[in-house]
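All remarks here apply to the structure that follows.
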Amino acid sequence: MYPICRGRRKHGIRTARALACTGAGGAGAVRFDHEPERNQESRIKNQEPNLTLGLIGLGAIIQKHVATVEQFDDFDITAICDADPARVEAWQQRVGGRGFTRHTDLLEAPPDVVVVALPHALHGVVSVEAMGAGCHVIVEKPMATTVEDLRSMLKTARDRRRALIVSETGSFEPGVVETGRRYARGDLGRFLTGSSINARRYFNSDRPQWFLDSQASGGGMFGNVGLHRLANARGCLPGAIPASVTAAVAHVPEHAVEACTSALVRYRDGGSMLYEEVGYFERPPWLNGGRHFIFEKGMVSWDDTTWRMMPRDGAEITRDLPPAETTYASVYRNLLLAIDGQPCAPETRELAQDAAIAQAAYESGRTGRDVDLGSEDWRIES
């Protein structure tokens with residue numbers, strides 16, 4: 130993450146006091162030892178105003194952002210925007226603020242922070258416009274649907290010295306944090322291979338139709354919810370660098386976006402991770418979360434309550450896990466860190482790489498060839 134806003138605002142970050150970053154080379158997981166305290170001590174002491182917050186796009190996911198903002202003492206929602214006037218009016222009744230049907234009108238008097246939660250193909254251009262107007266940005270996943278947009282977003286954040294945070298929580302799941310901490314310490318040995326199998330009913334009748342439009346959404350299951358699983362691996366394997374991806378993608382006539390994807394991501398050090406995303410049925414409970422990682426010293430898996438390792442020699446090791454957060458608190462803590470010029474993990478560049486991996490998997494599925502993630506066409510740099 131780039132140093133941001135020094136000299137503009139020194140905003141107190143009492144909500145991030147419990148942060149402890151682990152990992153190598155700036156990557157890794159973030160551990161939160163307890164929930165943020167809700168108090169006014171820092172603001173009263175420093176006489177700092179709250180950060181003003183605008184919401185661009187008022188679909189279903191925005192409810193989770195609003196619920197998160199209500200946990201913090203740092204933000205005031207002052208503007209909301211959606212192409213549907215009725216939706217704007219309904220949200221104004223709940224959160225207040227100025228209402229707009231065009232994001233460009235909202236940006237004429239830009240808030241400190243905007244949340245961009247639009248059809249995926251618009252994430253890149255609207256985030257760049259918002260940062261150009263002076264806003265810090267939280268962008269929903271996928272961060273963008275093209276490498277060009279990903280690069281433009283990172284460059285604008287750097288040039289404009291704005292915080293750019295992706296609303297992705299896969300790196301913060303308790304089982305991921307536990308695995309990443311042990312891997313970074315060397316407790317697990319070298320990563321060899323792993324698997325992530327995910328299934329859900331992606332084509333429900335209540336899903337907005339733009340999700341099923343390949344141009345608007347940028348893809349189906351793998352390019353959307355599959356990013357959670359890529360973020361899981363990112364958190365479990367701090368410092369590991371993806372080198373290539375090979376994928377098979379299956380469509381059915383009634384849907385323009387893929388129904389099933391199988392993608393093999395290879396790492397520079399020789400490890401590999403296989404992802405399967407299926408959009409036609411719910412994940413059965415016997416899949417145990419559908420994730421396992423094999424290291425030199427044993428196999429790791431976890432569910433909502435328990436982390437497990439089966440060593441090569443000896444009895445199974447188990448650890449109780451804390452409850453997972455049900456909001457985007459980790460995302461907003463990272464935003465506050467970035468605004469204050471402090472490092473946060475995962476880095477936005479890493480999540481941009483994950484979005485590029487998803488698009489590279491689609492390219493591999495179209496061409497039947499491996500995609501070199503370090504090539505000029507696919508490389509994501511700081």
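For the sequence shown, our numbering gives the first residue as 130, with consecutive numbering after it. For every residue, glycine included, the Cβ atom is placed at its ideal position computed from N, Cα and C. Quantities reported herein were computed from a predicted structural model and do not represent experimental measurements.
Do you know whose CA, among the options, lies nearest residue i's CA?
i	options	result
P440	L356, N353, W431, L317	L317
S324	E387, M402, M438, P214	M402
W512	E177, D432, G399, W436	The chain is shown only over 130 to 511; residue 512 falls outside these bounds and no answer can be derived.
I191	F201, I209, D205, L356	I209
Y396	Y404, E387, P371, R420	P371
F351	G470, H194, L502, E405	E405
T274	G261, H265, H252	H252
P239	F422, Q221, T207, M428	T207
M260	V245, K270, A250, H249	V245
E269	T181, V295, Q200	V295
G113	I326, E425, L321	Shown here, the chain extends from 130 to 511; a query on residue 113 therefore has no answer.
G315	P382, C264, R216, F424	F424
H329	L182, G419, P214, G304	It is worth fixing the name first, because residue 329 is Arg in this sequence and not His. Minimum Cα distance to R329 is reached at G419.
L464	G364, K426, C264	C264
S346	A250, V305, K426, G304	A250
P475	A487, E454, R363, S504	R363
V306	A467, E505, E454	E454
Give every residue of the same chain whose Cβ lies closer than 8 Å to the Cβ of residue i, excluding the five residues on either side of it in the sequence, and list them in chain order.
i	result
E258	H232, T233, L236
I509	V276, L279, R280, L283, R478, A481, Q482, A485
A384	Note on identity: in this sequence residue 384 is His, with Ala being the wrong assignment. Only F332, L341, G349 meet the Cβ criterion.
R216	L187
E218	G228
Residue i to residue j, Cα distance in whole Å?
i	j	result
P525	T496	Any property of residue 525 remains undetermined from this structure, which presents the chain solely from 130 to 511.
D203	N179	5 Å
M272	L393	21 Å
I267	N361	20 Å
R319	H357	23 Å
R160	A292	Confidence at R160 is low in this model, with a pLDDT of 29, below 50, so the placement of that residue is unreliable and no value is reported for it.
Q344	Y457	27 Å
A156	C473	At A156, the pLDDT of 30 sits below 50, so the modelled position is not reliable; the number obtained from the coordinates is stated separately. Using only the alpha carbons, I get a separation of about 9 Å.
S373	A388	22 Å
T527	T308	Given a span of 130 to 511 for the chain in the structure shown, any question on residue 527 remains unanswerable.
V502	A489	It should be noted that the sequence gives Leu, not Val, for residue 502. Approximately 8 Å, taken between the alpha carbons.
A313	L366	8 Å
H77	A444	Since the first residue shown for the chain is 130 and the last is 511, residue 77 is missing from the structure and cannot be characterised.
F368	R311	The identity of residue 368 in the sequence shown is Gly, whereas the question assumes Phe. About 13 Å.
V242	F201	14 Å
E302	S391	23 Å
D78	T181	With the chain covering only 130 through 511, there is no way to say anything about residue 78.
R437	I446	6 Å
F229	E505	39 Å
N327	E177	44 Å
Spatial neighbours of residue i within its chain, please: C-beta separation below 6 Å, excluding the five flanking residues on both sides.
i	result
Y491	G348
G299	H357, A360, N361
Residues in the same chain with beta-carbon distance under 7 Å from residue i, minus the five sequence neighbours each way, listed in chain order, please.
i	result
L247	I185, G186, V255
W220	L187, I209
T197	T456, Y457, A458, Y461
H421	G323, S324, M428, V429, S430
G226	I206, T207, A208, I209
G304	W431, W436, L450
V386	L341, S343, S346, G348, G349
S493	V374, T375, A376, D499, V500
V381	A388
- Message: Please give me, in chain order, every unbroken run of the alpha helix (DSSP H) with length at least 4 that falls completely inside the region 333 to 367.
- Response: You should have 343 to 346, 355 to 365.
- Item | Every unbroken beta strand (DSSP E) inside the region 199 to 248 [3 residues or more] | Those beta strand (DSSP E) runs which fall completely within the region 199 to 248 and span 3+ residues are 204 to 210, 227 to 229, 242 to 245.
- Are the region 357 to 377 and the region 335 to 345 touching by the rule of at least three beta carbon pairs closer than 8 Å? When Cβ pairs closer than 8 Å are counted between the two stretches, the region 357 to 377 is seen not to touch the region 335 to 345, the count staying below three.
- Query: Would you say the region 288 to 297 touches the region 406 to 416, given that touching needs at least three Cβ pairs under 8 Å?
  - Reply: Contact fails between the region 288 to 297 and the region 406 to 416, because fewer than three Cβ pairs, one in each stretch, are under 8 Å apart.
- Message: Give the list of continuous beta strand (DSSP E) stretches no shorter than 3 residues that lie fully inside the region 304 to 330.
- Response: List check, beta strand (DSSP E) in window: 320 to 328.
- Pick out the complete beta strand (DSSP E) segments inside the region 393 to 434, 3 residues or longer, and give them in chain order. The region 393 to 434 contains these whole beta strand (DSSP E) runs: 401 to 407, 420 to 424, 427 to 431.
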